[in-house]
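Taken in order, these protein sequences are the chains called A and B. Residues in the first sequence are numbered from 512 upward in steps of one, following our numbering. Residues in the second sequence are numbered from 512 upward in steps of one, following our numbering.
Number of protein chains: 2
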Amino acid sequence: MIAVNTQYQPLAQIEAKRMKKAVLIFSGGMDSTTLLYDLVSQQFELYLLSFNYGQRHKIELESAKRTAEKFVLPHKIIDLTSVNQVMEGSSLTRSHIDVPYGHYAEESMKVTIVPNRNMIMLSIATAYAVSLEAEAVYFAAHAGDHAIYPDCRQEFVDKLSEVTKIANYHPVEIRAPYLQMDKGDIAKRGVELGVDYSMTYTCYEGKELACGKCGACQERKEAFLKAEALDPIKYQD
Amino acid sequence: MIAVNTQYQPLAQIEAKRMKKAVLIFSGGMDSTTLLYDLVSQQFELYLLSFNYGQRHKIELESAKRTAEKFVLPHKIIDLTSVNQVMEGSSLTRSHIDVPYGHYAEESMKVTIVPNRNMIMLSIATAYAVSLEAEAVYFAAHAGDHAIYPDCRQEFVDKLSEVTKIANYHPVEIRAPYLQMDKGDIAKRGVELGVDYSMTYTCYEGKELACGKCGACQERKEAFLKAEALDPIKYQD
């Protein structure tokens, strides 16, 4: 009897693995890196997808590549610089968007103002999930985002998921498990999971050494303070 | 009294024009070209958006450019060739997709098999609409499509529209007014509107002269037959 059970176990494992294939939108920042560790610990077979919208992403994408290599996970980078075109001559609408930091580099500005960005990224990630027959697309939107951005709210995630379930022959679910957590909660979770935060990039300035002053750096520092953990990266200050 | 009315009319016209700004997903084929004429006749202020996924589109995009120039309408072409990556090594799922014609060129094959393509295009078009503060995104899906493709059905359009209404500070509606019409109905409508079909490109082969034999050419010929109209383009046969 035991022999029979043993014989069937590998098949059951394969089946379980097939059930848990997912695509993760992966920027290489601390939120999506924590989610990567989280999903790996939940035994998801992960496929990583990054997006290049412009200048600032170059160093962030390098972090993403290094983490993907560390985990030996498939990682694709989609070039969406062409999409920046839809923003030309639209200064009228820029007042809608919160650009909180004066010292953004000009190239970085572009990155922050592509409207509908989550929907674009999630649509492409859904295409990837369909082609892999994966059950879900994950992204690491969190509570600090959804006060400002409508496409980081539960209503958006739920309604988009209704679409991705019926848009193709293979249904895909959109999941944002950190939506009720803030950046401090994420850092806490990351410390539990043993995330190597030395490999994550956060700073808006896009230089090798984080500035420590911009809003993104400040947010990161506060997150580590709240998690009562030490941030392993070096800052200019 | 008449003088006062005259004075107020231009303002009212400006207001009406502001109310009817829209983005059209424009391939340069007969369906989206008919919709272009249709929306212009409804006095929409139109912004055209085309997508380049690969080889086959080159000649179709030339048609699109010529029609845009004829109408002096803003026209952007988004390069999405990078998105083809998400299809690598996914031969498993290709059986889901109807590729009805044996003589597709190899490069054209790629074009037909990007899953979730409508959602990707509509997401980017929505970004454009938000940046323009346009009320809607139009696309020319028709009854001949939705038997095969889930993302050409009313349910998909309705659910996606629920998302685009809440995904950004500016709400956008997704509209597919030809969804209950077949290609023959569209040709009939086009003849009424005076569409110049000599400027539209349909053939799958991607050569300057349409082959007349592939599925797309056959569909086009049937549409003109049903509309009792003459197709102005020349065929190889």
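We put the beta carbon where it would ideally sit given N, CA and C, even for glycine.
(message) Counting only beta-carbon separations shorter than 8 angstroms, does Val702 (chain B) have a partner in chain A?
(response) No - not a single Cβ of chain A is within 8 angstroms of the one on Val702 (chain B).
(request) Compare the Cα-Cα distances from Lys694 (chain B) to each of B:Ser672, B:Ala738 and B:Asp707 and report the closest residue. (result) Selected option, being the one with the closest Cα: B:Ala738.
(request) Specify the secondary structure class of Asn595 (chain A) as computed by DSSP and reduced to three states. (result) Reduced to three states, the DSSP call for Asn595 (chain A) is helix.
(request) Go ahead and pull the three-state DSSP assignment for Asn627 (chain B). (result) In the structure shown, Asn627 (chain B) sits in coil (DSSP, three-state: anything other than H, G, I, E or B).
(message) Is it buried or exposed, Lys587 (chain B), if we count other Cβ atoms within 10 angstroms and call 16 or more buried?
(response) So Lys587 (chain B) ends up on the buried side.
(request) Would you kindly check if the distance between the Cβ of Thr544 (chain B) and the Cβ of Val648 (chain B) is under 8 angstroms? (result) Cβ distance not < 8 angstroms, so Val648 (chain B) and Thr544 (chain B) don't count as in contact.
(message) So, under 8 angstroms CB-CB, Met692 (chain A) and Ala654 (chain A) are touching, yes? Tell me the CB distance rounded to an integer number of Å.
(response) Confirmed, Cβ separation roughly 6 angstroms.
(request) Please list the segments of the alpha helix (DSSP H) lying wholly inside the segment 708 to 742 of chain B, counting only runs of 4 or more residues, in order along the chain. (result) With a minimum length of 4 residues, the continuous alpha helix (DSSP H) runs that stay inside the segment 708 to 742 of chain B are 726 to 737.
(message) I need the DSSP call for Phe555 (chain A), collapsed to helix, strand or coil.
(response) Looking at Phe555 (chain A) - three-state DSSP - the assignment turns out to be coil, as it is neither helix nor strand.
(request) Return no unless some Cβ of chain B is closer than 8 angstroms to the Cβ of Ala533 (chain A). (result) Not an interface residue.
(request) Give a yes or no on whether 8 angstroms exceeds the smallest Cβ distance from His607 (chain A) to chain B. (result) Caution is warranted here: a pLDDT of 41 is assigned to His607 (chain A), below 50, making its placement in the model unreliable, and the coordinate value is therefore given only provisionally. Interface with chain B (8 angstroms Cβ-Cβ cutoff): His607 (chain A) is included.
(message) Could you check whether the Cβ of Asp656 (chain B) sits closer than 8 angstroms to any Cβ belonging to chain A?
(response) Chain A contact via Cβ: absent.
(request) Mark Ser709 (chain B) as exposed unless 16 or more other C-beta atoms lie within 10 angstroms of its C-beta, in which case mark it buried. (result) Exposed: under 16 other Cβ atoms inside 10 Å.
(request) Evaluate Pro743 (chain A) with the Cβ neighbour count: other Cβ atoms within 10 Å of its Cβ, from every protein chain shown; 16 or more gives buried, anything less gives exposed. (result) So Pro743 (chain A) counts as exposed.
(request) Using a Cβ-Cβ cut-off of less than 7 angstroms, list which residues of the segment 659 to 676 of chain B approach chain A; keep chain order. (result) In summary, the residues of the segment 659 to 676 of chain B whose CB is separated from some CB of chain A by less than 7 angstroms are Pro661, Asp662, Glu666, Phe667, Lys670, Leu671, Glu673 and Val674, in the order they occur in the chain.
(request) Assuming Val668 (chain B) contacts Ala638 (chain A) (C-beta within less than 8 angstroms), just tell me the rounded distance between them. (result) In fact, because the Cβ distance is near 18 angstroms, the residues do not count as touching under 8 angstroms.
(request) Give me the Cβ distance between Lys581 (chain B) and Phe555 (chain B), rounded to the nearest whole Å; I'm assuming they're in contact under 8 angstroms. (result) Not confirmed; about 16 angstroms, so no contact.
(message) Give me the DSSP bridge partner(s) of Lys532 (chain B).
(response) According to DSSP, Lys532 (chain B) bridges with B:Glu556.
(request) Could you tell me which chain C residues have their CB closer than 7 angstroms to the CB of Ala678 (chain A), listed as they occur along the chain? (result) The structure shown has no chain C; the protein chains it does contain are A and B.
(message) Looking only at its chain, what residues have a beta carbon closer than 6 angstroms to the beta carbon of Glu684 (chain A), apart from the 5 residues adjacent to it on each side?
(response) Contacts found: Ala647 and Ser672.
(request) Inspect the beta-carbon positions of Ala651 (chain B) and Tyr689 (chain B) and report whether they are closer than 8 angstroms. (result) In contact: Ala651 (chain B) and Tyr689 (chain B) (Cβ atoms closer than 8 angstroms).
(message) Give me the chain A residues within the contact set of Lys587 (chain B), using Cβ-Cβ distance strictly less than 7 angstroms, ordered along the chain.
(response) Within chain A, the residues near Lys587 (chain B) are Gln596 and Val597.
(request) Could you tell me the distance, in whole angstroms, from the CA atom of Glu719 (chain B) to the CA atom of Lys576 (chain B)? (result) Straight-line Cα distance between these residues: approximately 15 angstroms.
(request) Could you check what DSSP says for Tyr639 (chain B) in three-state terms: helix, strand or coil? (result) Tyr639 (chain B) carries a helical assignment under DSSP once its states are collapsed to helix, strand and coil.
(message) I need the straight-line Cα distance from Asp656 (chain B) to Gly565 (chain A), nearest angstrom please.
(response) Looking at the two C-alpha atoms, the distance is approximately 35 angstroms.
(request) Whole angstroms is fine: what's the gap from Thr578 (chain A)'s alpha carbon to Gly701 (chain A)'s? (result) If I take the Cα positions, the gap works out to 14 angstroms.
(request) In the DSSP assignment, find the alpha helix (DSSP H) that holds Ala698 (chain A) and state where it starts and stops. (result) Ala698 (chain A) -> alpha helix (DSSP H) spans Lys694 to Leu704.
(message) I want to verify the contact list: residues of chain B whose CB lies under 9 angstroms from the CB of Thr637 (chain A), in sequence order.
(response) Within chain B, the residues near Thr637 (chain A) are Pro626, Asn627, Met630 and Ile631.
(message) Pop quiz: Tyr712 (chain B) and Ala645 (chain B) are said to be a contact at Cβ under 8 angstroms. What is the actual Cβ separation, rounded to whole angstroms?
(response) Approximately 26 angstroms separates the beta-carbon atoms of Tyr712 (chain B) and Ala645 (chain B); this is outside 8 angstroms, ruling out the contact.
(message) To the nearest angstrom, how far is the alpha carbon of Ile589 (chain A) from that of Met632 (chain B)?
(response) Roughly 15 angstroms between the two C-alpha positions.
(request) Closer than 8 angstroms by beta-carbon distance: list the chain A residues that pair up with Ser543 (chain B), in chain order. (result) Scanning chain A for C-beta atoms nearer than 8 angstroms to the C-beta of Ser543 (chain B) yields nothing, as the closest lies near 18 angstroms away.
(request) Would you please verify whether the beta carbon of Ser538 (chain B) is less than 8 angstroms from any beta carbon of chain A? (result) At least 8 angstroms separates the CB of Ser538 (chain B) from every CB of chain A.
(request) Label Asp748 (chain A) either buried or exposed according to how many other C-beta atoms from any shown protein chain fall within 10 Å of its C-beta, with 16 as the threshold for buried. (result) With fewer than 16 other Cβ atoms inside 10 Å of its own Cβ, Asp748 (chain A) counts as exposed.
(request) Would you tell me roughly how many angstroms separate the C-alpha atoms of Tyr746 (chain B) and Gly723 (chain B), rounded to the nearest one? (result) Cα to Cα, the separation comes out at about 5 angstroms.
(message) Buried or exposed, going by whether 16 or more other CB atoms sit within 10 Å of the CB of Glu716 (chain A)?
(response) Counting the other CB atoms within 10 Å of its CB gives Glu716 (chain A) a total of 16 or more, which places it among the buried residues.
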